[in-house]
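Asker: Numbering (full-length UniProt numbering), first residue to last: 1 to 563.
Quick one: the structure is below, questions incoming.
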Amino acid sequence: MSTNINIMDMFQKGDVLKTCAPMVRYSKLAFRSLVRKYDCDLCFTPMIVASDFLRSVKARDSEFTTNTADRPLIVQFAASEAQTLADAACVVAPFSDGVDLNCGCPQRWAMSEGYGACLINKPELVRDMVRHVRNQVGNPNYTSSIKIRIHQDLRRTVDMCQKAEAAGVSWITVHGRTVDERHQAVHFDAIKTIKDSLSVPVIANGDIKSLGDVETTQQLTGVDGVMAARGLLSNPAMFAGYSETPLECVWDWVDLATDQGTPFTCFHQHLIYMLEKISSQPERKVFNSLHSTAAIIDYLHNTYGSPDTQIQISNTFPWSLFEASLLEMSLQWTTVAGFLYVEMTILFLFCIPFISATRWQRIFQLSIWKRMAKFWNKAFIAMIIILIVFFFDAMREVRKYSSAHHTITTDVHHNTFDNLHMKLFRAQRNLYISGFSLFLWLLMRRVITLINQLATEMGQTAALQTQAETDNLAAKKYMEENELLKQTLMDSKGEKGTAEGNELLRKEMEKLKEVQKASEEALKNSQSQLDTMKTQYNGLTREYDRLLKEHQTLQEMGDKKDD
Ligand SMILES: Cc1cc2nc3c(=O)[nH]c(=O)nc-3n(C[C@H](O)[C@H](O)[C@H](O)COP(=O)(O)O)c2cc1C
Numbered sequence: 001m002s003t004n005i006n007i008m009d010m011f012q013k014g015d016v017l018k019t020c021a022p023m024v025r026y027s028k029l030a031f032r033s034l035v036r037k038y039d040c041d042l043c044f045t046p047m048i049v050a051s052d053f054l055r056s057v058k059a060r061d062s063e064f065t066t067n068t069a070d071r072p073l074i075v076q077f078a079a080s081e082a083q084t085l086a087d088a089a090c091v092v093a094p095f096s097d098g099v100d101l102n103c104g105c106p107q108r109w110a111m112s113e114g115y116g117a118c119l120i121n122k123p124e125l126v127r128d129m130v131r132h133v134r135n136q137v138g139n140p141n142y143t144s145s146i147k148i149r150i151h152q153d154l155r156r157t158v159d160m161c162q163k164a165e166a167a168g169v170s171w172i173t174v175h176g177r178t179v180d181e182r183h184q185a186v187h188f189d190a191i192k193t194i195k196d197s198l199s200v201p202v203i204a205n206g207d208i209k210s211l212g213d214v215e216t217t218q219q220l221t222g223v224d225g226v227m228a229a230r231g232l233l234s235n236p237a238m239f240a241g242y243s244e245t246p247l248e249c250v251w252d253w254v255d256l257a258t259d260q261g262t263p264f265t266c267f268h269q270h271l272i273y274m275l276e277k278i279s280s281q282p283e284r285k286v287f288n289s290l291h292s293t294a295a296i297i298d299y300l301h302n303t304y305g306s307p308d309t310q311i312q313i314s315n316t317f318p319w320s321l322f323e324a325s326l327l328e329m330s331l332q333w334t335t336v337a338g339f340l341y342v343e344m345t346i347l348f349l350f351c352i353p354f355i356s357a358t359r360w361q362r363i364f365q366l367s368i369w370k371r372m373a374k375f376w377n378k379a380f381i382a383m384i385i386i387l388i389v390f391f392f393d394a395m396r397e398v399r400k401y402s403s404a405h406h407t408i409t410t411d412v413h414h415n416t417f418d419n420l421h422m423k424l425f426r427a428q429r430n431l432y433i434s435g436f437s438l439f440l441w442l443l444m445r446r447v448i449t450l451i452n453q454l455a456t457e458m459g460q461t462a463a464l465q466t467q468a469e470t471d472n473l474a475a476k477k478y479m480e481e482n483e484l485l486k487q488t489l490m491d492s493k494g495e496k497g498t499a500e501g502n503e504l505l506r507k508e509m510e511k512l513k514e515v516q517k518a519s520e521e522a523l524k525n526s527q528s529q530l531d532t533m534k535t536q537y538n539g540l541t542r543e544y545d546r547l548l549k550e551h552q553t554l555q556e557m558g559d560k561k562d563d
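What follows is the structure, encoded as structure tokens:
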């Protein structure tokens with residue numbers, strides 16, 4: 001509990017009182033602490049339903065949080081009965097400087113409960129409520145105020161305000177729009193009329209987005225204070241003269257919100273509002289999708305730098321981002337890059353000229369490969385799948401960052417631009433690495449298969465060559481021996497000679513058959529040598545037939561001689 005501040009004295013000073021509007025979910029303790037740091041004179045709590053507040057301890061604990069530095073503070077209530085409002089005021093009086101009655105909330109649920117803007121049609125009830133608070137809160141400095149929207153018939157608004165003034169209202173905040181109006185222009189003339197018809201202070205509310213607007217509004221209406229809601233959400237430092245949220249204010253919010261244990265959604269939403277003007281659409285897209293306080297802090301550090309380093313970073317090439325990005329190169333990409341280098345080394349070895357295909361085959365015939373062969377196909381398929389997944393992941397990232405990169409505008413923060421650029425670069429690098437690894441992996445498998453085929457064919461060709469040479473030699477030998485046989489017969493050396501000749505011929509025939517058989521075997525082994533072998537085989541067969549014929553002729557000649 002702390003001593004009440006006399007808000008009426010603040011009005012007396014003559015300066016325009018700068019106030020932070022009541023905002024459900026937003027004008028909570030952490031945000032109030034932030035705007036106070038940036039020249040906000042007076043803060044309102046979000047609207048609290050008085051009857052709920054009185055009924056439940058839980059509602060009290062969750063709806064109303066404050067601390068000793070949170071002053072001057074106005075607690076805003078929604079109420080439809082004078083006594084309820086007075087009771088709620090008595091509960092919060094020790095911790096605040098006044099209560100405010102919400103007579104401006106246009107939401108259907110509130111109106112149907114008899115709260116908010118429907119009260120502008122019940123001036124007597126408003127008067128009673130003000131009076132009850134005045135009479136029942138002991139502290140004379142404790143204020144009782146109302147916040148209204150204007151009636152379509154302005155006279156009715158003026159009438160209600162005068163009734164409230166008569167009942168002892170401390171001041172009146174006028175949101176210069178009717179219940180049906182949302183984003184239409186504020187009726188400053190109506191605010192001026194109300195101000196002119198009252199002697200209590202009036203605060204003007206509606207579309208105050210800068211310090212310039214504060215001045216203009218004051219000049220147009222002659223009010224004693226101004227109240228901002230959305231203007232402060234998007235730039236909590238507005239009352240201190242900043243045209244857009246300064247980065248130190250963003251970091252102040254991070255500190256205050258984390259210190260006070262602000263729920264994540266509220267913490268995030270405030271930053272979304274604050275960064276709205278100082279970030280581009282792609283940046284907002286990325287930022288809005290963050291899901292944890294740590295991710296947000298990380299993003300802010302990467303994009304804007306920490307409060308002390310931001311100036312230094314902005315003037316130089318973002319080496320720190322570059323280094324960070326290198327460090328961030330994840331394990332998966334280090335592995336894929338490593339794999340790529342292994343593939344390149346193996347392919348390089350395959351290309352070394354002095355290791356011939358047959359030598360490679362001998363290497364492949366080592367027992368280690370046989371053991372590995374069991375897993376080879378599975379490993380190959382698994383690696384292909386992994387690389388394809390990485391490839392598509394990298395492609396997705398490239399598309400994501402390049403679309404952000406293309407839509408980036410000139411007003412984007414340079415650190416953000418560098419960060420995005422770095423991310424795009426990293427995604428592209430990953431795409432090349434995975435694509436190239438995939439290509440090399442397929443190439444390597446093909447090269448190994450080709451080397452194997454080549455080595456097998458080289459072996460078969462060598463075997464056939466030897467075979468053909470042996471056949472040639474054999475044929476040559478038969479020809480010579482045939483010549484010899486012919487000579488023997490010509491010399492007519494009788495039966496003995498013929499018998500010897502016959503025996504020799506028979507042996508030669510058998511040999512010839514063996515050679516023929518071997519040729520057939522060789523033929524089976526190599527399809528590519530089929531024609532050669534067939535020719536050879538036919539030649540040998542023809543030679544064999546010719547020799548056989550010659551042999552028969554010689555035999556017949558021998559027989560005739562015998563006769
Ligand atoms: C998110 C949000 C929450 C609000 N909650 C309240 C509220 O609890 N009580 C109230 O009287 N007005 C509330 N308002 C209305 C504002 O206080 C203010 O009257 C209105 O936004 C017009 O001011 P502006 O143009 O500065 O935004 C809320 C407005 C916003 C944007």
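Ideal placement from N, C-alpha and C gives every residue a C-beta, glycine not left out.
#1: What residue from F95, V99 and G241 has the CA that sits closest to A86's CA?
#2: Using 7 Å as the cut-off, classify the Cβ of C161 as near or not near the heavy atoms of ligand 1, replying yes or no.
#3: Using 7 Å as the cut-off, classify the Cβ of C105 as near or not near the heavy atoms of ligand 1, replying yes or no.
#4: According to DSSP, simplified to helix, strand and coil, what is K18?
#5: Measure from the alpha carbon of G14 to the alpha carbon of each residue in V286, L54, H132 and V223, then state which is nearest.
#6: When you measure from the CB of Q76 to every non-hydrogen atom of ligand 1, does any distance come out below 7 Å?
#7: Is it right to say T541 is buried, meaning 16 or more other beta carbons lie within 10 angstroms of its own, or is it exposed?
#8: Tell me, which residues are paired with H183 by DSSP?
#9: Rounded to whole angstroms, what's the CA-CA distance from R371 to N472? Just pull it up for me.
#10: List the residues that DSSP assigns as beta-bridge partners of C43.
#11: Quick check on DSSP: helix, strand or coil for H175?
#12: Who are K147's beta bridge partners in DSSP?
#13: Count the other C-beta atoms from every protein chain shown that fall within 10 angstroms of the C-beta of P282, then say buried if there are 16 or more, exposed otherwise.
#14: According to the neighbour-count rule (16 or more other Cβ atoms, all chains shown, within 10 Å of its Cβ), is D41 buried or exposed?
#15: Have a look at T65 and T245 and give me their C-alpha separation to the nearest angstrom.
#16: Tell me N205's beta-bridge partners as DSSP assigns them.
#17: Give every residue of the same chain whose Cβ lies closer than 8 Å to the Cβ of C90, excluding the five residues on either side of it in the sequence, and list them in chain order.
#18: Pull up the distance between the alpha-carbon of V57 and that of V92, whole angstroms please.
#19: State buried or exposed for Y478, treating a residue as buried only when at least 16 other CB atoms are found within 10 Å of its CB.
#20: At a cut-off of 7 Å, would you count N67 as near ligand 1, judging by its Cβ distance to the nearest heavy atom?
#21: What residues in its chain sit with their C-beta under 7 Å from that of M129, if we drop five residues either side in the sequence?
#22: Let me make sure I understand the geometry here. Which of L211, A240, S289 and Y299 has the alpha-carbon closest to that of W251?
#23: Give me the Cα-Cα distance between R535 and I352, rounded to the nearest whole angstrom.
#24: Would the beta-carbon of Y26 be found less than 7 Å away from any heavy atom of ligand 1?
#25: The alpha helix (DSSP H) with S62 in it runs from where to where?
#26: At a cut-off of 7 Å, would you count P236 as near ligand 1, judging by its Cβ distance to the nearest heavy atom?
#27: F44 and I74: beta carbons closer than 8 Å?
#28: Going by the DSSP bridge assignment, what does I48 pair with across the sheet?
#29: Does the distance from the CB of K147 to the CB of G104 come in under 8 Å?
#30: Would the C-beta of I208 count as close to ligand 1, meaning under 7 Å from any of its heavy atoms?
#31: Thinking C-alpha only, which one of F31, R25, R134 and R32 is nearest S62?
#32: Whether or not the segment 232 to 239 and the segment 170 to 186 are in contact is what I'm after, with contact meaning three or more pairs of Cβ atoms, one per stretch, closer than 8 Å; do they touch?
#33: If we ignore side chains and look at the alpha-carbon of each, how far apart do R396 and Y432 end up?
#34: On the CB-based measure, 16 or more other CB atoms within 10 Å of its CB, does R399 come out buried or exposed?
#35: Report, in whole angstroms, the separation of the C-beta atoms of Q107 and G116, which I expect to be a contact under 8 Å.
Answerer: Straight from the coordinates:
#1: For the purposes of this step, residue 86 is identified with residue 86 of the sequence shown, where counting begins at 1. Proximity to A86 across F95, V99 and G241 peaks at V99, based on C-alpha coordinates.
#2: The residue labelled residue 161 in the question sits at position 161 within the sequence shown. Incorrect: C161 has no Cβ contact closer than 7 Å to ligand 1.
#3: For the purposes of this step, residue 105 is identified with residue 105 of the sequence shown, where counting begins at 1. Indeed, a heavy atom of ligand 1 lies less than 7 Å from the Cβ.
#4: As a working note, residue 18 is residue 18 in the sequence shown. Reduced to three states, the DSSP call for K18 is strand.
#5: By one-based count along the sequence shown, residue 14 stands at place 14. Distances from the CA of G14 to each of V286, L54, H132 and V223 were compared; the closest alpha carbon is that of V223.
#6: Counted from its first residue, the sequence shown places residue 76 at position 76. The answer is yes for Q76.
#7: Here residue 541 refers to the residue found at position 541 of the sequence shown. T541 is classed as exposed because its beta carbon has fewer than 16 other beta carbons within 10 Å across all chains shown.
#8: The sequence position of residue 183 within the sequence shown is 183, counting from 1. Partner(s): none; H183 has no beta bridge.
#9: Within the sequence shown, residue 371 is the residue found at index 371, counting from 1. Within the sequence shown, residue 472 is the residue found at index 472, counting from 1. For R371 and N472, the distance between alpha carbons rounds to 43 Å.
#10: Locating residue 43 in the sequence shown gives position 43, where the first residue counts as 1. Answer by DSSP bridge pairing, in chain order: C20 and L73.
#11: Numbered from 1 along the sequence shown, position 175 holds the residue referred to as residue 175. The answer is strand: DSSP assigns H175 an E or B state.
#12: Residue mapping note: residue 147 aligns to position 147 of the sequence shown, counting from 1. K147 is bridged to N102 and T173.
#13: One-based indexing of the sequence shown puts residue 282 at position 282. P282 is buried by the Cβ-count criterion.
#14: In the sequence shown, counting from the first residue as 1, residue 41 sits at position 41. Buried, since its Cβ has 16 or more Cβ neighbours within 10 Å.
#15: Locating residue 65 in the sequence shown gives position 65, where the first residue counts as 1. Locating residue 245 in the sequence shown gives position 245, where the first residue counts as 1. Spanning the two alpha carbons is a distance of roughly 25 Å.
#16: Counting from 1 along the sequence shown, the entry for residue 205 is found at position 205. Bridge partners of N205: H175 and M227.
#17: In the sequence shown, counting from the first residue as 1, residue 90 sits at position 90. Hits under 8 Å: Q136 and V137.
#18: Looking up residue 57 in the sequence shown gives position 57. Looking up residue 92 in the sequence shown gives position 92. Rounded to the nearest angstrom, the two C-alpha atoms are 13 Å apart.
#19: Stepping through the sequence shown from its first residue, residue 478 is reached at position 478. Counting the other CB atoms within 10 Å of its CB gives Y478 a total of 16 or more, which places it among the buried residues.
#20: Within the sequence shown, numbered from 1, the residue matching residue 67 stands at position 67. False, no ligand heavy atom lies under 7 Å from that Cβ.
#21: For the purposes of this step, residue 129 is taken as residue 129 along the sequence shown, with counting starting at 1. Only A79, A82, L85 and L101 meet the Cβ criterion.
#22: Translated into the one-based positions of the sequence shown, residue 251 becomes position 251. Closest option to W251, Cα to Cα, is Y299.
#23: In the sequence shown, the residue the question calls residue 535 occupies position 535. In the sequence shown, the residue the question calls residue 352 occupies position 352. According to the sequence as given, residue 535 is Thr; it is not Arg. Spanning the two alpha carbons is a distance of roughly 38 Å.
#24: As a working note, residue 26 is residue 26 in the sequence shown. Answer for Y26: yes, Cβ within range of ligand 1.
#25: Locating residue 62 in the sequence shown gives position 62, counting from the first residue. Here the alpha helix (DSSP H) through S62 covers V57 to E63.
#26: Working through the sequence shown from its first residue, we reach residue 236 at position 236. No, the Cβ of P236 stays beyond 7 Å of every heavy atom of ligand 1.
#27: The residue labelled residue 44 in the question sits at position 44 within the sequence shown. The residue labelled residue 74 in the question sits at position 74 within the sequence shown. Going by C-beta atoms, F44 is nearer than 8 Å to I74.
#28: Taking the sequence shown and counting its residues from 1, one reaches residue 48 at position 48. Its beta-bridge partners are F77.
#29: Along the sequence shown, one-based indexing puts residue 147 at 147. Along the sequence shown, one-based indexing puts residue 104 at 104. The answer is yes: Cβ separation under 8 Å.
#30: On the sequence shown, position 208 is the one that residue 208 refers to. Shortest gap from the CB of I208 to any heavy atom of ligand 1: under 7 Å.
#31: Counting from one through the sequence shown, the residue named residue 62 turns up at place 62. Of the listed residues, the one whose Cα sits closest to S62 is R25.
#32: no
#33: The residue labelled residue 396 in the question sits at position 396 within the sequence shown. The residue labelled residue 432 in the question sits at position 432 within the sequence shown. Using only the alpha carbons, I get a separation of about 13 Å.
#34: In the sequence shown, the residue the question calls residue 399 occupies position 399. Per the 10 Å Cβ criterion, exposed.
#35: In the sequence shown, counting from the first residue as 1, residue 107 sits at position 107. In the sequence shown, counting from the first residue as 1, residue 116 sits at position 116. The Cβ separation is near 7 Å, so the contact holds.
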